[in-house]
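Chemist: This structure is in structure tokens; I'll ask about it shortly.
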Amino acid sequence: MSLRNNIPSNRLIPIFSVILGLGILAYALASFVTPAQAAPAILRQQEDGKPGNDFCLACHQEEGLDKTLGKESLPVTINPTQFKNSVHASEGLRCVDCHTDISDYPHPDVKVKNVRDFTLTFTETCKECHEEQYLKAHDSVHQKALDEGNKDAAVCMDCHNPHTQTRLTGQTSGELTPSARLHIPETCAQCHSVIYNSYKDSVHGNALTEEGNSDVPTCIDCHGVHNIQNPTTVTFRNSTPYLCAKCHTDSSIMDKYGISTNVLDSYVADFHGTTVKLFEEQFPDQPTNKPVCTDCHGVHNISKVDNPDTGIALRENLLVKCQRCHPDATANFPDAWMSHYTPSPQNFPIVYAVNLFYKFFIPAVLGGMIFYVLTDIYRRIINRIKGVKHS
Amino acid sequence: MSKQIAEKPILYERFPIWRRIEHIIMVLSFSTLGLTGLPQKFPTSDLAVTFVQSLGGIENLRAIHHTAAIIMMFGTAYHLIYMGYSVIVLRDKMSMLPTLQDARDGLQALLYNVGFAKEYPKMGRYTFEEKMEYWAFVWGAAVMGATGFMMWNPITATRFLPGEFVPAAKAAHGGEAVLAVLAIIIWHMYGVHIKRFNKAMFTGMQTEEEMRHEHPLELDEIRSGKVHHRPDPKTLRKRQMIYFPIAAVLTIAMLGGIYGFINTEETSLTTIEPLTESQIFVPQTPQP
Chain A
6 MSLRNNIPSN RLIPIFSVIL GLGILAYALA SFVTPAQAAP AILRQQEDGK
56 PGNDFCLACH QEEGLDKTLG KESLPVTINP TQFKNSVHAS EGLRCVDCHT
106 DISDYPHPDV KVKNVRDFTL TFTETCKECH EEQYLKAHDS VHQKALDEGN
156 KDAAVCMDCH NPHTQTRLTG QTSGELTPSA RLHIPETCAQ CHSVIYNSYK
206 DSVHGNALTE EGNSDVPTCI DCHGVHNIQN PTTVTFRNST PYLCAKCHTD
256 SSIMDKYGIS TNVLDSYVAD FHGTTVKLFE EQFPDQPTNK PVCTDCHGVH
306 NISKVDNPDT GIALRENLLV KCQRCHPDAT ANFPDAWMSH YTPSPQNFPI
356 VYAVNLFYKF FIPAVLGGMI FYVLTDIYRR IINRIKGVKH S
Chain B
4 MSKQIAEKPI LYERFPIWRR IEHIIMVLSF STLGLTGLPQ KFPTSDLAVT
54 FVQSLGGIEN LRAIHHTAAI IMMFGTAYHL IYMGYSVIVL RDKMSMLPTL
104 QDARDGLQAL LYNVGFAKEY PKMGRYTFEE KMEYWAFVWG AAVMGATGFM
154 MWNPITATRF LPGEFVPAAK AAHGGEAVLA VLAIIIWHMY GVHIKRFNKA
204 MFTGMQTEEE MRHEHPLELD EIRSGKVHHR PDPKTLRKRQ MIYFPIAAVL
254 TIAMLGGIYG FINTEETSLT TIEPLTESQI FVPQTPQP
């Protein structure tokens, strides 16, 4: 039973009247203290006649400030401390450098009727200073979705709040700072929360979020930044081994964790990897039914191989992966894949023995043959010199 | 002029047409298997990549490799049926079987070459070099067939064998391939193409001169009339009546074997559903 049903409708009228009256009063008070009167003239005018940041903040630091756009309201409060710490403010940018249509109060009318459309009117603004990133983003899957009419697709401001964005790269190095890396997945999580949750529990995400480990990949290490491509294409899948190999063949990262850097070579040496390598070089955009890294290890949810529930170093867990493509595979089948091991007396001793056998058998047989052939050539030459006919 | 015609060399049949066809089948299938197999063993080499691409890709290359393997299996079946006919019906001497004498001949040939024996050994229909090559081919075919089966049918193989046998089979298949190809290049090339271009496998014939050099004992046998003659028509007919049904059964069995080799299992699905994230765009709900 709702509250409204308990109140006779005629008693609602005075309540509304009071609310309406208070609203009008609040509006009148608010308009009374307009920045034009509150701010000294010196704040208003800069060299180019446009207002400085303090002028704008005089109003916009006020808590709970909203702008109504159609049926939605856009919070327009700017936290002055956060703004001062932002890379834009600390580089001396002014509000009006981006909000180019505003130079005074009252502000000009906003024509768009919802918050998202209002955000989208600013997409060209960032280009003024960040053309390289802007152009890259223009080739991204996000821009493509936007062009197709998906207004949810991320634009600059969705990842980089221009009012609070701090510096992400080192002043001199130009490289992403380790602390900036730590927060990348949170940025993507704003829209890709399910994927983020999967990543957060993975061996990579867990090390990043729990331990602050900056060796592990964040979203952008695999997907790129700004020019993010569609990761569900065949081309992306076919190139996966090289993507993973970027870190997994780098001993400066892997040695710390005792992880083999032989994973790409051992993959390419095996039937699946041989096929994918040769196939990918010729038909990068054609699908193949041979597995790439992610088919066995997972994508965002990659777990440690010795994880008792999901680790594929456990034969039962690996069998499940095998059966995705080999539905008839039985218990012995997973051992047909050497799990990135180089055969040794400990790991895959039969394969090791076969290789060892041929390592000696081939030179022994061929060496014997070559020796005999050489003696035969020698005898023929001698016989020819001596004038003896070879029998 | 007329003198030369009169001295036209006497020719001895060395390989009847059936054997020459068999040889051609093996030359074609072996070369194809080698050419399409080695790039798979050395996939990182540029040469392999170029070759694979020129054949229309790895899947095409494998299809050609498999086809050549099937042709070689047919060639092997043909050889076995032919051998059966030769041994059971014609009662030919089993001159390809290795004997202790072959070891002695090989040693003597080597000693002769290095100057420790006065004479080169006198050999019969098949020299130790030829027997060595034949039996090396038999060994190779057996290894390649068995290991090839395991790779072609890994699911069936691992029902009965440990999984590790599959990569072991691959290792053996590759090692044996390198051995076989290089052995052919060294031993066969030298023995029948470089030492002397021996056309007997294509013309079927050898001159008396060639026979005297390479197969003197066989020549002696032929000259002394000790040569093996074809059985008389009546005996031949009788033996054929016995052998043909056996051959028919063997043929069916071997063809069944080849069919099984090819069709034992559906190893993998041809199209795999790509891994997809169930939900891509799921905005975080604002914290209260």
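Respectively, the protein sequence lines represent chains A and B. The number in the working numbering is simply the position in the first sequence, starting from 1, with 5 added. The number in the working numbering is simply the position in the second sequence, starting from 1, with 3 added. Backbone N, C-alpha and C fix where the C-beta goes; we use that ideal spot for every residue, glycine too.
Counting only runs of 4+ residues fully inside the segment 5-79 of chain B, write out the alpha helix (DSSP H) ranges in chain order.
Modeler: Complete alpha helix (DSSP H) runs here, min 4: 5-9, 20-44, 49-57.
Chemist: Could you tell me the distance, in whole angstroms, from the CA atom of Leu258/B to the CA atom of Ile382/A?
Modeler: Those two C-alpha atoms are separated by around 44 Å.
Chemist: Anything in chain A within Cβ reach of Arg162/B, meaning under 8 Å, just list it in chain order.
Modeler: The contacting residues are Thr335, Asn337.
Chemist: Does DSSP put Val92/A in a helix, a strand or coil?
Modeler: It is helical.
Chemist: Return the CA-CA distance between Ser57/B and Val297/A, expressed in angstroms with no decimal places.
Modeler: Those two C-alpha atoms are separated by around 24 Å.
Chemist: In chain B, which residues lie with their C-beta within 7 Å of the C-beta of Ala341/A?
Modeler: Neighbours of Ala341/A on chain B, chain order: Pro157, Thr161, Gly166, Val169, Pro170.
Chemist: Would you check if the distance between the CB atom of Phe131/B and the CB atom of Gly109/B is smaller than 9 Å?
Modeler: Cβ distance < 9 Å, so Phe131/B and Gly109/B count as in contact.
Chemist: From Leu324/A, Phe88/A, Leu74/A, His305/A, pick the residue whose C-alpha is nearest to that of Tyr204/A; which is it?
Modeler: Ranking the options by Cα distance to Tyr204/A, first place goes to His305/A.
Chemist: For the pair the segment 104-121 of chain A and the segment 71-80 of chain A, tell me if three or more CB-CB distances fall below 8 Å.
Modeler: Flag = yes, the segment 104-121 of chain A and the segment 71-80 of chain A touch.
Chemist: Among the residues of its own chain, which have a CB less than 6 Å from the CB of Met259/A, if the five just before and after it don't count?
Modeler: If we look at Met259/A and ignore the five residues flanking it on each side, its Cβ neighbours are Thr266.
Chemist: Looking only at its own chain, which residues have a Cβ that is under 6 Å from the Cβ of Met6/A, when we skip the five neighbours before and after it?
Modeler: Confidence at Met6/A is low in this model, with a pLDDT of 40, below 50, so the placement of that residue should be treated as unreliable; the coordinate-derived value is given next. Answer for Met6/A: no residue qualifies.
Chemist: Report buried or exposed for Thr39/A, applying the criterion of at least 16 other Cβ atoms within 10 angstroms of its Cβ.
Modeler: With a pLDDT of 47 at Thr39/A, under the threshold of 50, the predicted position of this residue should be treated as unreliable, though the coordinate-derived value follows. When all chains shown are included, Thr39/A counts as exposed.
Chemist: Compare the C-beta of Val356/A against all C-beta atoms of chain B and say whether one is closer than 9 Å.
Modeler: Cβ-Cβ to chain B under 9 Å: yes for Val356/A.
Chemist: Taking Met154/B as the reference, which of Met99/B, Val169/B, Leu164/B has the closest Cα?
Modeler: Residue Val169/B is the option with its Cα nearest to Met154/B.
Chemist: Do Cys249/A and Pro236/A come within 9 Å of each other at the CB atom, strictly closer than that value?
Modeler: The answer is no: Cβ separation not under 9 Å.
Chemist: By the criterion of Cβ-Cβ separation under 9 Å, what are the contact partners of Leu93/B in chain A?
Modeler: What Leu93/B touches in chain A: nothing, since even the nearest Cβ is about 31 Å away.
Chemist: Is the Cβ-Cβ distance between Gln195/A and Cys161/A less than 9 Å?
Modeler: The answer is no: Cβ separation not under 9 Å.
Chemist: Residue range of the alpha helix (DSSP H) that Leu239/B falls in?
Modeler: Segment 236-266, the alpha helix (DSSP H) holding Leu239/B.
Chemist: Nearest chain A C-beta to Pro277/B closer than 9 Å, yes or no?
Modeler: Yes, its Cβ sits closer than 9 Å to a Cβ of chain A.
Chemist: Decide if Ala46/A is buried, meaning its Cβ has at least 16 other Cβ atoms within 10 Å, or exposed.
Modeler: Because the pLDDT at Ala46/A is just 45, under 50, the model does not fix this residue reliably, and the point stays unresolved.
Chemist: Would you identify the three-state DSSP class for Leu103/B, choosing helix, strand or coil?
Modeler: Three-state result, Leu103/B: helix.
Chemist: Leaving out five residues before and five after Pro42/B in sequence, what residues of the same chain have Cβ atoms less than 6 Å from its Cβ?
Modeler: These residues qualify, in order along the chain: Ala51, Phe54, Val55.
Chemist: Does the separation of the CB atoms of Lys44/B and Val181/B fall below 9 Å?
Modeler: In contact: Lys44/B and Val181/B (Cβ atoms closer than 9 Å).
Chemist: Listed from N- to C-terminal order along the chain, which residues in the segment 366-386 of chain A have their beta-carbon within a distance smaller than 9 Å of any beta-carbon of chain B?
Modeler: Those would be Phe366, Ile367, Val370, Leu371, Met374, Ile375, Phe376, Tyr377, Val378, Leu379, Thr380, Asp381, Ile382, Tyr383, Arg384, Arg385, in chain order.
Chemist: Taking the beta carbon of Ile200/A as the centre, do at least 16 other beta carbons fall within 10 Å, making it buried, or is it exposed?
Modeler: Ile200/A should be labelled buried.
Chemist: Under three-state DSSP, which class holds His197/A?
Modeler: Strand.
Chemist: Any C-beta of chain A sitting closer than 9 Å to the C-beta of Glu268/B?
Modeler: Output row for Glu268/B: interface = yes.
Chemist: Does the Cβ of Ile233/A have 16 or more other Cβ atoms within 10 Å, making it buried, or fewer, making it exposed?
Modeler: Ile233/A comes out buried.
Chemist: Buried or exposed for Asp152/A, going by 16 or more other Cβ atoms inside 10 Å?
Modeler: So Asp152/A counts as exposed.
Chemist: Within 10 angstroms of its Cβ, does Val359/A collect 16 or more other Cβ (buried), or is it exposed?
Modeler: Answer is buried; the Cβ neighbour count reaches 16.
Chemist: So with Cβ pairs under 9 Å, would you call Trp190/B a contact of chain A?
Modeler: Interface residue, yes.
Chemist: What is the DSSP secondary structure of Val356/A, reduced to helix, strand or coil?
Modeler: Here Val356/A sits in helix by DSSP.
Chemist: DSSP puts Met208/B in a beta bridge; with which residues?
Modeler: Glu16/B, per the DSSP bridge assignment.
Chemist: Quick check on the burial criterion: 16 or more other C-beta atoms within 10 angstroms. Buried or exposed for Tyr377/A?
Modeler: When all chains shown are included, Tyr377/A counts as buried.
Chemist: Does Val208/A come within less than 9 Å of chain B when only Cβ atoms are used?
Modeler: By this cut-off, Val208/A is not an interface position.
Chemist: Quick one, which residues of the segment 286-314 of chain A are near chain B if we go by CB-CB under 9 Å, in chain order?
Modeler: From the segment 286-314 of chain A, only Glu286, Gln287, Phe288, Gln291, Pro292, Thr293, Asn294, Lys295, Pro296, Thr299, Asp300, Gly303, Val304, His305 have a Cβ closer than 9 Å to chain B.
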